[in-house]
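Just below is one structure, and these are the notes that go with it.
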Amino acid sequence: MKKNLFNRIIPYFFAISIIIVSIISYNRFIINNDYFVGYEGVCDPNIEKCFIGCEDDECTEEYYYSQIVKYAPDLYSECGEDITDCKEANVCLPSDRNCSITYCDIETDGDSCSTYIEKSNVETEDQLNIVE
Amino acid sequence: MICYLFPEPLYFFLSPDVPAILYYAHIPATIISLLISLYAFWSDRKSLLNRLLLTISVLFSLWTISTLIGWTNIHSNLMIFVWSFSGIILSSIAISCIYFIYVFLEKKDIPTWLKITFIILIIPVFVLTPTLLNLSGFDITNCDAFSFENLSFKLYYTSLGVVSMLGILFLLVRRYHTAVSSFRKQIILMGIGIESFLFSFFGLEFVASYLTRIGVLPDSGLELYGLFGMVIFMIYISILMVRFNAFNVKLIATQALVWGLVMLIGSQFFFIDTTTNFILNSVTFIGTIVLGRYLIKSVKLEIEQREKLEALTTELSAANEKLKSLDKLKSEFVSLASHQLRSPLTAIKGYTSMLIEGDYGEIDPKAKEIVERIMDSSNNLTLVVEDLLNVTKIEQGGMKYDMSKIDFAELINETAKDLSITCEKKGLKLICNIPTDQKYFINGDKEKLRQVLINLIDNAIKYTKEGQIEVNLQINNDKIVLFVKDTGAGISEAVKGVLFQKFSRGDGAKLNSDGSGLGLYLVKEIVEAHKGHVWVESEGLGKGSTFFVEIEREK
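Structure, rendered in structure tokens:
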């Protein structure tokens, strides 16, 4: 009897569990947008150590970016659905919760980092030497 | 937030920016698995095995739908919502597979402790799914969540797939050792199918997502090839259905072949670019469905007829066996009854004989007549009992023949002399003029052959009202032919065919209501045991009859 009751309860148990999980997940992700959004932000290699990305598979054209992580509701309120051409997306505002901008670290990321700053520093030094 | 570098999909699933293999891997595999599992479920809805197969297919379909959304959609909230269920779906598939294999092998439900174990293993996945410990975010540049997945959580539910693979392997090997040869083949087929599915599905899914996460692969396209594992699994399931009637499904090879062909042709639609090819493929698709249905119907009809025939043969065989045992039972009863009758009959004959011979003093002539009638009836009854016993011996294969070289003519003369008194009493003439210039030696059992002669001559006497009975011998090449000819009731054509069967009476049965119907049957059995042949000729009713016995001559 107990065994039969247990066997009969199991499918309902799983069904209810799935429904509860679905409701909680829906509430979190769809209604409250309670998650972080990661994207590539604008990065100036003259000022910062940027990640180097390729525009195409053959990498004929490079671009520079930083890794930005923002809380989805904050980003949504600043930029809406599409963050293209949204300047606020590239900076962490004081009102942002848990916003972070990660630049390239040569020690950990190695070749993915831009060396533009070193080059520009070397050029400046060379120029200085010439002047002297 | 939308993935700003990707285009919006058409009709929810269709996106130009994804590899074509995506649709080819997802859609046919899903359709095949659902069709086959639904077919099995529909054939026997109460079967736990069929329900589990359907569960696996439904979970797989949910997986393919979620990954299709993941591949084609650009809305981060929808994608992260769907993505978050990966753990539940994958772990459920793993648990369902091991449950399925256990039921397939043991033909019963898993024990309660195992159910509790599965629940304990899967509960953490359910609990952690909507939390940060599953997914914390979404990358809208690459349009994926790999970098935001909790590796420990992912490892946990993927390891359930590994546990499932190993557990299934253990169950298969354990059951293989105790299985009969036909079930061993099924075990091998099922094992290859399900392990291929789990290995390709879990293995490639984890490897692809991990390598994408660490940047080795640009995307997780590799996992798409893992979905073909389901097609392999379903092929093996179909083989089991067709060859072994597994899942209690009566699926014939023709059906599987036709539907497989239809799906193959249907899947071509994903690769067609031109209108001409689309039309040609559509025509082929429709033609295959129509002709396939017709073919399936014809083959099904043939199979049904063959099955009916087999069922009838089985019934017939069973009925035959029953008849044999009843016949045996009857023979045993007859033998027992006859033996029980012998003793009282012997006593009756003995005492009546003593009375007739005057051992108890002279008896009144009228009383003597009655006692003589009692004696005659007892003798007749003794003959009937002897016949019954002989028949039983023959049927049970217990009749023994004491073969030796005998003078058939001498035997006939002796028997005719014994029966001449009976003949005279009835006013009939018994003629026995066997030529003496020849020798009529045969190899046989003297007493049994005497029985044959008694039965034939006695029959002739019983069925002849007036006239004569002639007994003679002829030599025909190497055979001796005995004939007993009478001027009696005659035999019709209809009766001739059944005359030598048990309990068969001639047309003149009215003349002799005392007969048992076994005399001629015994004649036939004894003559055939002597490698001889017996038959009757008669011109019809009222025209007498002649019985012939042909036996090999002994030189």
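Chains as they are written, first to last, in this note's numbering: chain X, 516 to 647; chain L, 5 to 559. For every residue, glycine included, the Cβ atom is placed at its ideal position computed from N, Cα and C.
Per DSSP, the continuous alpha helix (DSSP H) segment holding Thr-288 (chain L) begins and ends at 279-360. For the region 70-92 of chain L, the residues whose beta carbon sits under 8 Å from a beta carbon of chain X are, in order, Ser-80, Asn-81, Leu-82, Ile-84, Phe-85, Ser-88, Phe-89 and Ile-92. Closer than 7 Å at the C-beta level to chain L, one finds these residues of the region 586-617 of chain X: Ala-587, Leu-590, Tyr-591, Glu-596, Asp-597, Ile-598 and Thr-599. When beta bridges are read from the DSSP output, Val-456 (chain L) appears opposite no residue. Taking a beta-carbon distance threshold of 8 Å, Glu-573 (chain X) does not count as an interface residue toward chain L.
Residue state for Ile-239 (chain L) is assigned as helix, using DSSP reduced to three classes. By the Cβ test, the region 151-162 of chain L is in contact with the region 126-140 of chain L, since at least three Cβ pairs between them sit closer than 8 Å. Note on geometry: alpha-carbon atoms of Phe-122 (chain L) and Asn-522 (chain X) lie some 13 Å from one another.
In chain order, Tyr-550, Phe-551, Val-552, Gly-553 and Val-584 make up the part of chain X whose C-beta sits under 7 Å from the C-beta of Gly-141 (chain L). Counting only unbroken stretches of 3 or more residues, the beta strand (DSSP E) elements lying wholly within the region 402-438 of chain L are 407-411 and 433-436, in sequence order. At a cut-off of 8 Å, the C-beta of Ile-567 (chain X) has no neighbouring C-beta in chain L. The three-state secondary structure of Phe-17 (chain L), taken from DSSP, is coil. Rounded to the nearest whole angstrom, the CA to CA distance from Asp-223 (chain L) to Ser-70 (chain L) is 16 Å. At a C-beta separation below 7 Å, Tyr-541 (chain X) has these neighbours in chain L: Phe-85. For Ile-555 (chain L), the beta-bridge partners assigned by DSSP are L:Ile-484.
According to DSSP, Leu-139 (chain L) shares a beta bridge with L:Glu-153.
In terms of Cβ geometry, Thr-491 (chain L) and Gly-544 (chain L) do not form a close pair [threshold 8 Å]. Put simply, the region 540-556 of chain X touches the region 588-602 of chain X. At least three CB pairs are less than 8 Å apart.
Taking one beta carbon from each stretch, the region 84-103 of chain L and the region 158-177 of chain L have 3 or more pairs nearer than 8 Å; the two touch. Taking every protein chain shown into account, the CB of Phe-282 (chain L) has fewer than 16 other CB atoms within 10 angstroms, so this residue is exposed.
Secondary structure at Gln-442 (chain L): coil, using DSSP grouped into helix, strand and coil. Scanning L:Leu-221, L:His-534, L:Tyr-160 and L:Thr-258 for the CA closest to the CA of Leu-299 (chain L) turns up L:Thr-258. Under DSSP, Gly-553 (chain X) takes part in a beta bridge, and its partners are X:Val-584 and L:Asp-143. The alpha carbon of Lys-535 (chain L) has as its nearest neighbour, out of L:Gly-546, L:Ala-493, L:Leu-522 and L:Arg-557, the alpha carbon of L:Arg-557. Beyond the five residues adjoining it in sequence on each side, Leu-38 (chain L) comes within less than 7 Å, by CB distance, of Ser-61 and Ser-65 in the same chain, given in chain order.
Exposed is the label assigned to Ile-218 (chain L), since fewer than 16 other Cβ atoms lie within 10 Å of its Cβ. In terms of Cα proximity to Cys-601 (chain X), the closest of X:Ile-545, X:Glu-555, X:Arg-612 and X:Phe-544 is X:Glu-555. Annotated three-state conformation of Gln-259 (chain L) is helix, per DSSP. Classified as buried, Lys-466 (chain L) has 16 or more neighbouring CB atoms from the shown chains inside 10 Å of its CB.
For the pair of segments examined, the region 68-88 of chain L was found not to touch the region 108-116 of chain L: the number of CB pairs separated by less than 8 Å stays below three. In the DSSP assignment, the residues bridged to Asn-447 (chain L) are L:Lys-409.
Interface with chain X (8 Å Cβ-Cβ cutoff): Pro-134 (chain L) is included. A check of alpha carbon separations from Gln-272 (chain L) across L:Thr-280, L:Thr-76, L:Asn-285 and L:Leu-18 identifies L:Asn-285 as the nearest. Nearest in C-alpha terms to Ser-537 (chain X), of all of L:Trp-67, L:Thr-440, L:His-30 and L:Val-86, is L:Val-86. Taking Tyr-8 (chain L) as reference, the option from L:Leu-52, L:Pro-128, L:Leu-387 and L:Asp-148 with the minimal CA-CA separation is L:Asp-148.
Judged by beta-carbon spacing, Val-527 (chain L) lies within the 8 Å limit of Asn-459 (chain L), meaning their Cβ atoms are closer than that value.
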